[in-house]
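Written below as structure tokens is the structure these notes are about.
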Amino acid sequence: MSVEVLQQNETKENTEFTSKKQKTAYNYHLLAKSRSISNLYQQISKHPLGVKPSANAFLADSKDLERIRESAGTLFNRLPDDIILQILSYLDVIDLVNASHVSKFWYAYATFDDLWRTIYTSKSEKKRKELDLTFENWKGSWRSSILSIPEQYEVNCNGLVYSDALFTPYINASIDYNSLFAEIIEEQEKLKDLDGYWDAHVLSNPSKYPYRGRIPRIDENTFNYEMFENHWSDHPFILGSNSPDSDRWPKWTISWLLEKFPDVKFRQESVLWELALYESYARKNNDENPLYLFDCRSEAMKSLLPTGYFDNPPLFAQNDLFKVFNECRPDHSWLITGPKRSGSTFHKDPNSTDAWNVVLEGSKLWVMLPPGMKPPGVFVSEDESEVMSPIGLAEWVKNGFWNDSITLSDDASIDTHDKNLGPGGFKTCIVGITFKNECMYVPSGWWHSVINLEDSVAFTANFVPPCKIVNVLNFMKFKPDQVSGFRHDLLQAKLNDFLNHDDFDNSDGNIKTIRDYLSREDLRNNDEDVGELKGTGCMPVFEAFVEFLRKSEYRNRVEKALPQLSNADMKNIKIKKSKIWNDLTKPINQDDGNKGSFSFGFHFDA
């Protein structure tokens, strides 16, 4: 729905609000006229080696095809891209270097940087040292860094290589999100700077936010826990301040971290690098999906969080039920930093926990969908244990799923009062940007994807507010195979200590289950993450959580929550699909008089 139509609809409502400081009209003129992408293909640039998309081969003449056959060789000329790359993936460094000397065709494939990245990241640190794959300085690419050469010599392969497998990652790595999302960036900057943060007494619930499809901004100074628990615990919002306190959030910028922890090793997905090395990588790389620093256990984190917890979290995160797990609690606090273009594809936070995420430097674009609504382009199993999506963020955007999401978001302007969608009836895809010193609240169960629009630093933490106790207990009890992050050895130690400090009725179901678990020799001192083991339903996380809560200040909460547990919702989750996606995947009906229309013709089980 356009902004103009939105304005016409909303004029029927009260278009003014009173805050403690002023009375002002809704600022609809700040909204972008369109948040859809129309300039995507203007960004396509020439591949540095002259590689072209596969379809261009249809334009090649007989002489070009003969040159390709000569350069590729009899075997490789007949093989598809994925098979060629699969064969090359079995080669070691020396073999790949030799392969690149065979011909220009072989050079294009053998220097493909994803092959070199896999050679490095698929090995353990010990194995990398044995194979002499380690490097101290980043040279701009994985190949150059591993071979310790200044830069890759660019051979002109023009007219010899037509490959989507080589061309597409390059285009995805060249994507300019700031250009693509220019209108929404401008909109969000205006909403932050001109519309400001809403007084929580005025914006008392999500349905009162006039800018539908956008993530509300709330003034932290007017917000309290009662408002959160009664009205906002199930809807995302951005917390900030119209009177910002320069000391509200730590100044953990990239430059500050580099100065304080240059030689400390941080976790970046599959690698563990010193921060200085990662920063040089972040400044210049051609990865389709750049490595993302997501660290919770480094020496730096121990220094930044001596207690293991952030000193001054948002008020809604100060009461955290998962604290009863103490030392056996799954990892829950992370320092995050990544270059522009990095980020995370659609996911839900683990164990049905809530989360908060504050940007300390840079900016992040968020796309969020409520529980029960499937993100466009993402295939989810009925119990949500399996999620399939495009390989990366750029691929998701390029394939049109961003525009699908925006259509869903714009449709939120129509308040349907659908009781199944929660208060206000507009729970659907919402989009927003968090800038420096803004804090995003992510409710449990919400799908979310995040794109770093700039080189960014953030801090994030998972937590369980008391008002979400039923959600978490339901998840633990009825989806034990999806519980993650717990380690057998730590939970066993905690449970043994717990049982030794009090008298328990061994006939109690929970206590009996716990004792049976502790008696199992095959699990004793097992230090693997529960999410990495198969058949881990035996880990009594639900029973332990209930008993820990019964011995805490939340004992009344847990006793009230237990009778409310129900497997009905867990068994009968129906993932709502985007109407656009439903239309695209609708089987073609040859009898509907519309035989000329296009459809993917996929057939889905009902």
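Numbering (the UniProt record's numbering), first residue to last: 1 to 606. Cβ atoms here follow ideal geometry from the backbone N, Cα and C, with glycine treated the same way.
In its own chain, leaving out the 5 sequence neighbours on each side, no residue places its CB closer than 6 Å to the CB of aspartate 503. Under the three-state reduction of DSSP, leucine 88 is assigned to helix.
With respect to the 9 Å criterion, leucine 131 and lysine 123 are classified as neighbours on the basis of their beta carbons. Around the beta carbon of methionine 388, a 10 Å sphere encloses fewer than 16 other beta carbons of the protein chains shown; the residue is thus reported as exposed. At the C-beta level, aspartate 354 and asparagine 462 come within 9 Å of one another. About 6 Å separates the beta carbons of phenylalanine 316 and tyrosine 225, which is inside the 8 Å limit, making them a contact pair. Measuring C-alpha to C-alpha distances from glutamate 259 to each of Ser148, Ser270, Arg248 and Glu279 identifies Glu279 as the nearest.
Taking glycine 50 as reference, the option from Ser444, Gly343 and Tyr109 with the minimal CA-CA separation is Tyr109. DSSP places leucine 115 in the helix class (H, G or I) of the three-state scheme. Closest option to asparagine 242, judged by alpha-carbon separation, among Asp320, Pro376, Gly196 and Ser484: Gly196.
The beta carbon of histidine 231 lies closer than 8 Å to those of Ser204, Asn205, Pro206 and Pro423 in the same chain, with the five residues before and after it left out. Across the set Asn137, Pro314, Glu189 and Pro150, the C-alpha of Pro314 shows the shortest separation from the C-alpha of glutamate 220. Residues of the same chain with a CB within less than 8 Å of the CB of valine 264, apart from the 5 flanking positions on each side, are Glu274, Leu275, Ser298, Glu299 and Ala300 in chain order.
For leucine 473 against phenylalanine 542, the beta-carbon gap comes to about 7 Å, under 8 Å, which counts as contact. Threonine 168 is classed as buried because its beta carbon has at least 16 other beta carbons within 10 Å across all chains shown.
The C-alpha of asparagine 471 is placed about 12 Å away from the C-alpha of valine 558. Counting only runs of 4+ residues, the alpha helix (DSSP H) found wholly inside the region 155-198 occupies 164-173, 177-180 and 182-190, in chain order. The beta carbon of serine 45 lies closer than 8 Å to those of Ile171 and Ser174 in the same chain, with the five residues before and after it left out. Listed in chain order, the non-local C-beta contacts of phenylalanine 294 below 6 Å within the same chain comprise Trp334 and Ile336, local neighbours out to five positions each way being set aside. Excluding sequence positions up to five before and after glycine 159, its CB lies within less than 6 Å of the CB of Asp64, all in the same chain and listed in chain order. Taking 8 Å as the upper bound for CB-CB distance, cysteine 429 and valine 367 are in contact here, some 7 Å apart.
Just measuring C-alpha positions, the residue of Lys364, Glu386 and Lys374 sitting nearest phenylalanine 435 is Lys364.
Within the region 279-319, the complete alpha helix (DSSP H) runs of at least 4 residues fall at 299-304. Remark: fewer than three beta-carbon pairs, one from each stretch, lie closer than 8 Å, so the region 398-410 and the region 479-489 are not flagged as touching.
For histidine 231, there is no enclosing beta strand (DSSP E), as DSSP gives it neither H nor E. Per DSSP, reduced to three states, the secondary structure at threonine 460 is strand. Within the same chain, Ser333, Phe459 and Ala461 come within 8 Å of phenylalanine 310 by CB-CB distance, once the 5 residues on both sides are set aside. Counting of Cβ neighbours within 10 angstroms places threonine 74 among the exposed residues, the total staying below 16. The shortest CA-to-CA distance from leucine 305 to any of Asp95, Asn319, Asp331 and Arg217 is the one to Asp331. As a beta-bridge residue in DSSP terms, methionine 368 pairs with Ile430 and His448.
Judged by their CB atoms, valine 359 and cysteine 439 are nearer to each other than the 9 Å cut-off. Closest by C-alpha distance to isoleucine 511, out of Arg520, Phe475 and Leu499, is Leu499. Residue environment for serine 255: exposed (fewer than 16 other C-beta atoms within 10 angstroms of its C-beta).
Of the residues assessed, threonine 111 falls on the buried side of the cut-off, its CB having 16 or more other CB atoms within 10 angstroms. Under DSSP, phenylalanine 266 shares a beta bridge with Trp273. Its chain contains Ser352 as the residues whose beta carbon lies nearer than 6 Å to that of phenylalanine 475, once the 5 sequence neighbours on both sides are disregarded; these appear in chain order.
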